[in-house]
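Protein chains in written order, with the numbering used here: chain A, 3 to 371; chain B, 3 to 371.
2 protein chains.
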Amino acid sequence: MPIKGKPNSLDIAHLAGVSQATVSRALRGHPAVNRATRERVLAVARQLNYTVDKNASNLRTQQSGTLALLLFEDPTVDDSNINPFFHSMLGSITRVCAQRGYDLLISFQQLSRDWHADYEDCHKADGLILLGYGDYREYRSRLEALVAQGTHFVRWGAVLEDQPGISIGGDNHAGGAAAARHLLALGRRRIGFLGHASQGAPEFLERYQGYAAALREAGLVADPLLQADAISTEQAGREAAELVLERGARVDALVCASDLIAIGALRALQARGLRVPDDVALTGYDDIPMAQFTTPALTSVQQDTKRAGELLVDTLLKMVQGEAMAPIKLAPQLVVRQSCGVSQAPARSPATVTTLPAHGRRPSRGARH
Amino acid sequence: MPIKGKPNSLDIAHLAGVSQATVSRALRGHPAVNRATRERVLAVARQLNYTVDKNASNLRTQQSGTLALLLFEDPTVDDSNINPFFHSMLGSITRVCAQRGYDLLISFQQLSRDWHADYEDCHKADGLILLGYGDYREYRSRLEALVAQGTHFVRWGAVLEDQPGISIGGDNHAGGAAAARHLLALGRRRIGFLGHASQGAPEFLERYQGYAAALREAGLVADPLLQADAISTEQAGREAAELVLERGARVDALVCASDLIAIGALRALQARGLRVPDDVALTGYDDIPMAQFTTPALTSVQQDTKRAGELLVDTLLKMVQGEAMAPIKLAPQLVVRQSCGVSQAPARSPATVTTLPAHGRRPSRGARH
DNA sequence: CTGAAAGCGCTTACAG
DNA sequence: CTGAAAGCGCTTACAG
């Protein structure tokens, strides 16, 4: 065997005594190839450690067998600390891609970069998965550009009306409502909300609206004095909690738009000598791994990241194949721990999990509408 | 503009009134191109939203501008739970790749899969970054195969003598010793070790050896009754702690080979009614985010994942360019929290950090040997 | 400074 | 069932 670089299909052809076209067919399992021929070719290929050059085959077929995951982060967030919620999404997406035989390209983009043309246009990926918490108003126009170019993409985030492209997200309204109802059922009445309740953060806004709706159901009104904006970081949570406390209004519970916010709030409360849950009860959102280690352990709204990853990948793959797909909302689950005080449910396991019906959308497998 | 698919360089050439070769040169910033010509080409390209087809250019140049990150996990680990330590490595590697202008392909491989030919051979990546905790004996032969094929790769893990390829890793001996010395300084004498102390897990073995060396320095001997094997999961940690306790030998401290093991041990101890740190002190390893949220917060040995990511990527990139590189050991830091009891150091901040000198290797920037 | 031409390694109609 | 040939979209000597 010559000690040249990687062998190509012509090398295999010579050694197997067939044409290069036949090598290609044999390797791809083309049905017309004679069985004996195919086996000869495969044997030679294996012996030479031959693999098909992806650049060449992709160029020829005009597809890449690769998906790109683009993660946008709030620029204010510390570079090295990706939101833990995304880790679990990433793990799930990676595995599903592998199962489907696709490679995954990943990139942590800044909103400022000119990403829209990056991957699919240059044929490095067949489609894009967008993940992130940037200001929705800022990047909505980017989504429109992607749609206009015919780029295939799915996005994790709030599922809104009249949205460019396909979004898959949790039912944030149901999740926010569940957290608030849980607190109401435990007798809390002065319930605040920590997190951006604005158009720029539609997921948080929906959680806020769910929270407010639950209060209304109970004949209460969401008190603006008990709400403070926060992005999804511990520090922002701490500052938001301090802001609410400084306003002096009575508060006996805080629904937080994320676990990181809740952890920050927990620290702020404890620093003030307030007891959680005795003085102020707390709920988080996402159920990141840390939630079970805080003291008290955090009651949180869990999103099914495993299923989310599957839906994102499979939806995108179908879109790449030309199918028209629809947005999907996933039902969240309330995970009850100790940060809200005694639950009425008998605490048999360390955490009690309640599945919530999705709000307005069917959460079932492959749900479309 | 015709509504055909993506424009190619010939389309640009026609519209700019130049040859296709000139378009290619202009786009790549070739110095010989006339300034006015280049600007005309760039203007047309921008207008048509043209991007170079990577498959074509990679095929032509025989390189990909892409690195592949292969993560191996212990097959016994739950699929959805990647070791949190790897998350932070992953974040760091991703960012460095982006900074260096490289794309990153990621894959969570099972050891069983035939990965060695996967990425570089088929020209999807110029080099491989290997990350993982599989059994070292099992995959050492794979590393040898990679070396034999001339594949460019770097690996995160124990830096051993006579190792195939280039490894970059923490100074585990120094880390294990630091944890044990800290406990010794606090008056503990019956110090155990939780984690695989075998050739199959060289990082854990080195930590164990550091621990044993520190005991020897203090005139003590590592008691086999106080050691139990564990892979890096909470459950394994719990079981290992239970095993040690069941043996009935007196124990007043446990050095754990990872934070997950320590968290499991913490739960096992507390379930038995033992107080941490009063009855048994505990140290972890890796300083994952959860370590600061346990009660008591976990004293741990921190690895500089940011720097590790930089070194992995930059070393690999140099290897791709033909440079010969050497292994690197990174100095770890002891992060003191509450799980070992009162520290002699005045606890000014919530955590006291001590940088340790690397053991036997220079930890300095770009260190080689 | 620019163009014509070769060629990277495949896949896939088109013949036979 | 198999081969000869075209062509995917680039980059880069080679001329001029």
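Cβ coordinates follow ideal geometry from the N, Cα and C atoms, glycine included.
Source: prediction; values computed, not measured.
Could you tell me whether the Cβ atoms of residue i and residue j are closer together than 8 Å?
i                : j                : result
Ala216 (chain B) : Ala179 (chain B) : yes
Leu73 (chain B)  : Phe88 (chain B)  : yes
Arg183 (chain A) : Gly197 (chain A) : no
Leu313 (chain A) : Ile290 (chain A) : no
Ile263 (chain B) : Ser234 (chain B) : yes
Glu205 (chain B) : Asn174 (chain B) : yes
Val156 (chain A) : Gly171 (chain A) : no
Ala238 (chain A) : Ala232 (chain A) : yes
Leu256 (chain B) : Ala267 (chain B) : yes
Thr296 (chain A) : Leu185 (chain A) : no
Ala413 (chain A) : Val35 (chain A)  : Chain A is shown from 3 up to 371; residue 413 (chain A) falls before or after that span and cannot be answered.
Leu61 (chain A)  : Asn10 (chain B)  : no
Ala147 (chain B) : Ser109 (chain B) : no
Gln412 (chain B) : Arg339 (chain B) : Given that chain B is displayed from residue 3 to residue 371, the structure contains no residue 412 (chain B) and the question cannot be resolved.
Val1 (chain B)   : Val337 (chain B) : Residue numbering for chain B in the displayed model covers 3 to 371; residue 1 (chain B) lies beyond these limits and cannot be assessed.
Ala176 (chain A) : Gly212 (chain A) : yes
At the level of alpha carbons, what is the spacing between residue i and residue j?
i                : j                : result
Ala181 (chain A) : Tyr141 (chain A) : 29 Å
His16 (chain B)  : Leu332 (chain A) : 49 Å
Leu167 (chain A) : Cys258 (chain B) : First, the amino acid is wrong: residue 167 (chain A) is Gly here, not Leu. C-alpha separation (whole angstroms): 48 Å.
Ile14 (chain A)  : Asp13 (chain B)  : 36 Å
Pro298 (chain B) : Gln335 (chain A) : 29 Å
Ala203 (chain B) : Asp261 (chain B) : 16 Å
Gly189 (chain A) : Val344 (chain A) : 10 Å
Glu236 (chain B) : Arg191 (chain A) : 38 Å
Val322 (chain A) : Leu132 (chain A) : 15 Å
Met292 (chain B) : Ala150 (chain B) : 41 Å
Arg139 (chain B) : Gln101 (chain A) : 27 Å
Gly221 (chain B) : Phe195 (chain B) : 17 Å
His373 (chain B) : Thr53 (chain B)  : The question about residue 373 (chain B) has no answer, for chain B in this structure spans 3 to 371.
Arg40 (chain B)  : Gly19 (chain B)  : 11 Å
Arg37 (chain A)  : Asn51 (chain B)  : 47 Å
Counting only beta-carbon atoms, is residue i nearer than 8 Å to chain A?
i                : result
Ile108 (chain B) : yes
Gly93 (chain B)  : yes
Met321 (chain B) : no
His184 (chain B) : no
Leu132 (chain B) : no
Ser11 (chain B)  : no
Phe295 (chain B) : yes
Asp306 (chain B) : no
Ignore the nearest five residues each way along the sequence and tell me which others in residue i's own chain have a CB closer than 7 Å to its CB.
i                : result
Leu245 (chain A) : Ala230
Met320 (chain B) : A quick correction: the sequence has Lys, not Met, at residue 320 (chain B). Result list for Lys320 (chain B): Met327, in chain order.
Thr96 (chain A)  : Leu106
Thr307 (chain A) : Ser90, Met91 and Ser94
Asp137 (chain A) : Gly202
Ser66 (chain A)  : Asn60, His125, Lys126, Ala127 and Asp128
Within the same chain, show all residues whose beta-carbon is closer than 8 Å to that of residue i, passing over the 5 residues directly before and after it, in chain order.
i                : result
Thr68 (chain A)  : Tyr104, Asp105, Leu106, Leu107, Lys126, Ala127 and Asp128
Asp254 (chain A) : Arg190, Arg191, Arg192, Ile193, Asp281, Val282 and Ala283
Ala251 (chain B) : Arg192, Asp225, Leu227 and Leu228
Please go through the same chain and pick out, in chain order, the residues whose beta-carbon is closer than 6 Å to the beta-carbon of residue i, but skip the five residues on each side of it.
i                : result
Arg249 (chain A) : Leu227
Ala270 (chain A) : Arg240, Ala243 and Glu244
Val25 (chain A)  : Ser11, Ile14, Ala15 and Val43
Please tell me whether, using a cut-off of 7 Å, the distance from the CB of residue i to the nearest non-hydrogen atom of the ligand NAP is below it.
i                : result
Leu222 (chain B) : The ligand NAP is not part of the structure shown, which contains no ligands of any sort.
Taking only beta-carbon positions, decide if residue i is within less than 8 Å of chain B.
i                : result
Ala119 (chain A) : The predicted model places Ala119 (chain A) with a pLDDT of 49, which falls under 50 and marks its position as unreliable, so this point remains unresolved.
Asp280 (chain A) : no
Gln22 (chain A)  : no
Arg97 (chain A)  : yes
Gln151 (chain A) : yes
Ile84 (chain A)  : yes
Ala58 (chain A)  : yes
Ala100 (chain A) : yes
Asp173 (chain A) : no
Pro291 (chain A) : yes
Asn36 (chain A)  : no
Lys331 (chain A) : no
Asp55 (chain A)  : yes
His125 (chain A) : yes
From the DSSP secondary-structure annotation, give me the bridge partner or partners of residue i.
i                : result
Thr68 (chain B)  : B:Asp105
Leu130 (chain A) : A:Ala70 and A:Phe155
Cys258 (chain A) : A:Leu196
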